[in-house]
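Contents: one structure, followed by commentary.
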Amino acid sequence: MFTNLTKLDLKDKQCMSDAGSPKLCMKALPGEGAERSCAYDGARVVLMPITDVAHLVHGPIACAGNSWDNRGARSSGSQLFRRGLTTDIMENDVIYGGEKKLKESILEIALRHNPKAIFVYATCVSSLIGDDVDKICKEAEVELTIPVIAVNCPGFLGDKNIGNRIAGEVLFDRVIGTAEGPNEKIPLSINLIGEYNIAGDIWGVIPDLKNLGITLQTAITGDAKFDDIRSAHKASLNVLICSKSLTNLVRKMEISYGIPFMEGSFYGIHDTSETLVNIAKALGDPDLLERTLVYVRKKEDETRKIIAGYKTLLENKQAILFTGGVKTWSMVSTLAELGINILAGGTQNSTPEDFQRMKELMDPSAQIIEDTSSAGFLKIIAEKKPDLIVAGGKTKYLAHKTRTPFLDINHGRKLPYAGYQGMVTFAETLTRTVLSPVWGLLKQEFPPKESEQDD
Amino acid sequence: MSHMKTSTKATKDWLNTLEYREKNFAREKLVINPAKACQPLGALLCALGIEGSLPFVHGSQGCAAYFRSTLSRHYREPVAAVSDSMTEDSAVFGGQSNLIEGLKNANALYSPKVIAMFTSCMAEVIGDDIKAYLGNAKEQEAIPKDLPVALANTPSFKGSHITGYDTMLKGLVECLATARQEDKINDRLYVVPGFDTYTANLREYKRLLKVMDTPYTLLPDQSDVLDAPNLGTYELYPGGTSITEMNDALNAASFLCLQTYSTPTTRKYLASKEVPVESISMPIGIAGTDKFIESIAKFTGKDVPEEITLERGRSIDAMTDSHQYIHGKKFALFGDPDVLIGLVSFLLEMGGEPVHIVCTNSTPLFKKAMESLLASSPYGQGSTLYAGKDLWHLRSLLVTDPVDMLIGDSHGKWAARDANIPLVRVGFPITDRVNLHRYPIIGYSGVINLITMIVNTFLEEKDRTSSDPYFEMMR
Chain D
1 MFTNLTKLDL KDKQCMSDAG SPKLCMKALP GEGAERSCAY DGARVVLMPI
51 TDVAHLVHGP IACAGNSWDN RGARSSGSQL FRRGLTTDIM ENDVIYGGEK
101 KLKESILEIA LRHNPKAIFV YATCVSSLIG DDVDKICKEA EVELTIPVIA
151 VNCPGFLGDK NIGNRIAGEV LFDRVIGTAE GPNEKIPLSI NLIGEYNIAG
201 DIWGVIPDLK NLGITLQTAI TGDAKFDDIR SAHKASLNVL ICSKSLTNLV
251 RKMEISYGIP FMEGSFYGIH DTSETLVNIA KALGDPDLLE RTLVYVRKKE
301 DETRKIIAGY KTLLENKQAI LFTGGVKTWS MVSTLAELGI NILAGGTQNS
351 TPEDFQRMKE LMDPSAQIIE DTSSAGFLKI IAEKKPDLIV AGGKTKYLAH
401 KTRTPFLDIN HGRKLPYAGY QGMVTFAETL TRTVLSPVWG LLKQEFPPKE
451 SEQDD
Chain Z
456 MSHMKTSTKA TKDWLNTLEY REKNFAREKL VINPAKACQP LGALLCALGI
506 EGSLPFVHGS QGCAAYFRST LSRHYREPVA AVSDSMTEDS AVFGGQSNLI
556 EGLKNANALY SPKVIAMFTS CMAEVIGDDI KAYLGNAKEQ EAIPKDLPVA
606 LANTPSFKGS HITGYDTMLK GLVECLATAR QEDKINDRLY VVPGFDTYTA
656 NLREYKRLLK VMDTPYTLLP DQSDVLDAPN LGTYELYPGG TSITEMNDAL
706 NAASFLCLQT YSTPTTRKYL ASKEVPVESI SMPIGIAGTD KFIESIAKFT
756 GKDVPEEITL ERGRSIDAMT DSHQYIHGKK FALFGDPDVL IGLVSFLLEM
806 GGEPVHIVCT NSTPLFKKAM ESLLASSPYG QGSTLYAGKD LWHLRSLLVT
856 DPVDMLIGDS HGKWAARDAN IPLVRVGFPI TDRVNLHRYP IIGYSGVINL
906 ITMIVNTFLE EKDRTSSDPY FEMMR
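Protein chains in written order, with the numbering used here: chain D, 1 to 455; chain Z, 456 to 930.
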């Protein structure tokens with residue numbers, strides 16, 4: 001029933017990513033479980049963190065009612081992106097069409113809420129009833145002075161990663177490169193692609209970039225302003241830091257604007273340093289490279305000193321890791337930096353390269369998680385009895401029920417883990433998680449067995 | 456068109472004016488910051504309360520993932536549900552093959568005692584006939600012929616979570632209960648809590664029924680499912696109304712529905728089967744709880760036990776201790792009809808003034824009931840019910856016509872912040888505070904809990920903001 005990861009031939013070129021679609025984004029089987037979200041959710045995840053635009057969901061209450069402001073992407077400025085805007089499609093709209101309603105809604109938002117642009121999300125229902133979201137957006141745009149951008153991402157197109165890709169296409173086609181003025185490249189400037197500023201992650205990286213003299217043109221899309229993304233094509237380098245959902249975007253930007261891209265991760269000391277050094281190399285400035293090498297050595301020493309105490313407490317703990325994207329491999333080394341071994345690892349959202357990298361970094365004896373359903377998870381927890389599970393929110397309460405310490409590293413978390421500062425936060429949080437007295441309390445037999453009473 | 460230029464006045468200040476409030480209330484098509492969830496989410500909650508019941512979403516998988524995470528965040532518990540993951544080809548060819556394969560896999564993986572199948576939008580728009588599909592699934596032996604599968608049509612573009620709950624409840628009774636037989640009428644009162652997201656409310660109902668020596672069945676009962684003890688293993692089906700009692704539901708001596716607006720479809724169905732049904736408001740506040748206790752006493756024919764009388768006395772004592780903190784205070788509220796009726800009734804009992812009442816899921820019947828409740832008290836004279844409005848309307852009300860406190864779910868926190876007033880969290884979802892669903896808001900103990908939450912919030916505010924001369928030991 002499940003993709004056999006162990007037997008997946010990773011050398012087979014056929015299964016390497018081509019158009020940027022992560023090949024390990026396994027399709028959910030009917031009736032298997034309901035772990036995975038949809039294309040609409042995927043598009044929203046990518047676009048929603050753009051802070052000064054309005055995000056209008058053209059759909060029934062399910063789509064917006066369950067999702068407005070549910071991701072923890074933070075903004076240093078406008079909070080408009082968090083407003084729950086929807087046409088709330090009702091039965092009559094299903095029968096007679098919702099285009100008129102959509103048009104009026106767009107105008108209402110434009111006139112009263114001062115957005116820099118409006119993103120209009122099509123959903124299962126609006127697509128099935130044949131509402132022409134593109135046409136309505138174009139019409140509205142003629143009447144308004146701001147861009148009105150259709151995002152055709154009905155949930156039934158498939159998994160979240162498809163929505164990610166659609167969002168990338170929308171950004172490329174409609175936003176990037178539309179800024180007025182000269183198009184010269186900004187020296188030593190980068191875009192962070194796939195960084196959504198969950199819990200304020202990006203703010204843990206920006207100080208290092210600043211210290212090195214690297215300009216962050218924009219993140220796509222964490223704490224991003226619409227106008228900054230319009231000028232994203234002026235950056236000298238794209239740094240892809242979350243999965244490969246936006247590989248399509250960086251490839252297109254490379255072809256159209258000549259911006260090279262590289263992959264990186266800001267989780268963990270080693271990966272943060274490596275990414276900074278690689279950025280310096282890719283930007284091709286010898287001075288920058290030299291000062292970066294000095295800088296990362298200094299930061300590494302500082303950070304290692306700070307986390308040494310935590311490391312002592314966490315050394316030799318055994319973890320199960322389940323995540324997607326770059327975190328698949330980056331978390332292996334991040335945990336290793338704290339002396340934590342991985343007993344088993346798995347992914348639902350990665351490319352074969354990400355997966356292979358994880359495999360190489362893990363101890364050869366570590367198990368690959370094949371069955372990613374709740375049932376499969378419970379089985380592996382029972383078998384491995386880990387000291388810790390590091391995964392996303394959907395696994396959280398399952399872990400708690402099995403009395404296993406759990407750390408959320410996806411969007412459900414409230415603390416930033418990126419960069420050197422993030423590593424300190426991560427180590428501190430992880431220690432509190434693993435060493436909570438609660439776990440000991442849970443493991444006590446009650447009522448105590450007679451033999452224990454005798455002791 | 457020049458007049459269509461983007462308004463430069465749309466600053467935060469302008470949003471706080473009466474001028475904007477007027478424009479905001481003229482808004483018809485757009486919903487901003489919705490205060491309702493969808494039908495299938497309600498259906499899922501309902502389905503979880505039956506023993507061995509696996510919720511099954513016929514529709515696209517993203518819906519199911521959303522419902523699960525929303526419920527999971529409220530209860531801080533795992534929530535079991537499957538979806539048959541309809542995709543684009545299902546839109547063209549219909550969802551039958553997904554449904555059949557889904558049933559097969561779900562049954563094999565999770566061995567449910569009953570499957571509660573409900574639709575999300577997509578299946579409804581393309582017009583899937585789930586009853587016929589289910590017949591075909593059993594024909595093809597995808598699942599055993601005797602595995603009960605309850606059905607509910609719950610598109611999100613109709614109704615809301617409370618109507619979805621109702622439809623699924625009717626579906627479960629329809630599927631599991633045998634026909635009523637006059638010679639087999641049981642002695643039990645079937646108590647239907649309605650869309651109630653407080654596990655503690657459900658436990659409190661059961662406690663009160665036990666104290667009153669009532670043979671009862673709580674239907675559905677999610678209390679153990681969504682507040683399961685931590686025993687070191689994860690149970691997929693940790694409780695719920697037993698299948699036996701479901702089978703016998705139509706032979707109930709009587710049904711008592713504790714929410715008027717989240718059970719009409721079920722009540723109509725029960726009435727059509729000639730089952731006696733009574734419906735009362737959610738027992739929040741003294742009058743509401745009294746009515747509940749009286750209904751049960753009437754059913755059992757026994758006196759109200761002293762234990763209950765003492766409990767009531769303690770609640771009223773708490774009310775006398777703290778009336779001064781609520782009397783004359785102005786409130787705004789939003790939420791579901793049944794919860795609102797209860798909360799407003801409670802506030803009026805305490806002399807609080809429910810100035811703005813926003814109810815997205817209002818109905819004409821509810822409007823009438825709320826208006827007559829408000830008319831019955833001098834403290835309700837300055838109150839207005841805003842039917843069908845959202846939380847952005849509420850925001851306008853709060854900033855132009857201020858009150859002392861907002862009562863509603865976590866989604867109200869932006870409006871409360873903009874108006875610089877405290878939010879006391881009551882309703883669903885509550886995702887930014889812990890344990891509130893573990894404190895009952897119904898019954899006499901609920902009265903004490905509501906007083907605790909509301910009054911102590913006011914007192915905290917006072918301590919946090921008062922100047923030295925007014926900062927004191929006694930409040």
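All C-beta atoms, glycine included, are put in the ideal place defined by N, C-alpha and C.
Based on Cα-Cα distance, which residue from D:310, D:351, D:264 and D:356 lies nearest to residue 335 of chain D? D:310
What whole-angstrom Cβ distance do residue 248 of chain D and residue 169 of chain D have, given they're in contact under 8 Å? 7 Å
Spatial distance of residue 725 of chain Z from residue 565 of chain Z (CA atoms): 31 Å
Leaving out the 5 sequence neighbours to the left and right, which residues in its chain are closer than 7 Å to residue 171 of chain D when beta-carbon positions are compared? 220, 229 and 249
Pick out whichever of Z:907, Z:535 and Z:866 has its Cα sitting closest to the Cα of residue 887 of chain Z. Z:866
Inter-residue spacing [alpha-carbon to alpha-carbon] between residue 614 of chain Z and residue 369 of chain D: 41 Å
Return the bridge partner residues of residue 785 of chain Z from the DSSP annotation. Z:808
Quick one: residues in its chain with C-beta nearer than 7 Å to the C-beta of residue 896 of chain Z, no 5 flanking neighbours on either side, listed in chain order? 653, 656, 739, 881, 904 and 905
Between which two residues does the alpha helix (DSSP H) containing residue 511 of chain Z stretch? From DSSP, residue 511 of chain Z is part of no alpha helix (DSSP H) but of the beta strand (DSSP E) over 508 to 513.
Along chain Z, in chain order, which residues have C-beta atoms closer than 7 Å to that of residue 83 of chain D? 487 and 488
Going by beta carbon distance, what residues of the same chain come within less than 6 Å of residue 225 of chain D, once the five residues before and after it are set aside? 52
Using a Cβ cut-off of 9 Å, pull out every chain D residue sitting near residue 883 of chain Z, in sequence order please. Result: empty, since nearest Cβ-Cβ is about 12 Å, beyond 9 Å.
Limits of the unbroken alpha helix (DSSP H) element including residue 565 of chain Z: 551 to 565
Say whether the segment 401 to 418 of chain D touches the segment 428 to 436 of chain D, bearing in mind that this needs 3 or more beta-carbon pairs closer than 8 Å, one atom from each stretch. yes
Since residue 680 of chain Z sits in a beta bridge, which residues does DSSP pair it with? BP columns for residue 680 of chain Z are empty, so no partner.
Three-pair Cβ contact test at 8 Å for the segment 821 to 835 of chain Z versus the segment 844 to 861 of chain Z: no
CA nearest to the CA of residue 438 of chain Z, picked from Z:563, Z:470 and Z:647: Beyond the ends of chain Z as shown, which are 456 and 930, falls residue 438 of chain Z; an answer cannot be given.
Ignore the nearest five residues each way along the sequence and tell me which others in residue 800 of chain Z's own chain have a CB closer than 8 Å to its CB. 736, 739, 740, 742, 743 and 828
Note the first and the last residue of the continuous alpha helix (DSSP H) segment covering residue 474 of chain Z. 473 to 481
Does the contact criterion of 3 or more C-beta pairs under 8 Å hold for the segment 689 to 699 of chain Z versus the segment 505 to 513 of chain Z? yes
According to a CB-to-CB cut-off of less than 7 Å, which residues of the segment 175 to 205 of chain D neighbour chain Z? none
Chain D within 9 Å of residue 556 of chain Z, Cβ atoms only: yes
Check each residue of the segment 577 to 600 of chain Z: if its Cβ is closer than 9 Å to any Cβ of chain D, include it; give the result in chain order. 577, 579, 580 and 581
In terms of DSSP beta bridges, what is residue 195 of chain D paired with? D:221
Taking only runs that begin and end inside the segment 46 to 79 of chain D, name each unbroken beta strand (DSSP E) of 3 or more residues, in chain order. 54 to 58
Please tell me whether residue 413 of chain D has its Cβ less than 9 Å away from any Cβ of chain Z. no
Determine, using beta carbons only, whether residue 502 of chain Z comes closer than 9 Å to chain D. no
Can you pull the chain D residues whose beta carbon is under 7 Å from the beta carbon of residue 491 of chain Z, in chain order? 61 and 65
May I ask you to list, following chain order, the residues of the segment 85 to 97 of chain D that have a beta carbon less than 8 Å from some beta carbon of chain Z? 85, 86, 87, 88, 89, 90, 91, 93 and 94
Could you have a look at residue 716 of chain Z and say whether DSSP puts it in helix, strand or coil? coil
For residue 906 of chain Z, which three-state DSSP category applies? helix
Taking the DSSP output, what are the residues bridged to residue 261 of chain D? D:238
In whole angstroms, what separates the C-alpha of residue 69 of chain D from that of residue 84 of chain D? 7 Å
What does the Cβ neighbour count give for residue 884 of chain Z, buried or exposed, with the cut at 16 atoms within 10 Å? buried
Between residue 105 of chain D and residue 147 of chain D, what straight-line distance do the alpha-carbon atoms span, to the nearest angstrom? 15 Å
Identify which residue in Z:822, Z:817, Z:702 and Z:628 has its Cα closest to the Cα of residue 721 of chain Z. Z:628
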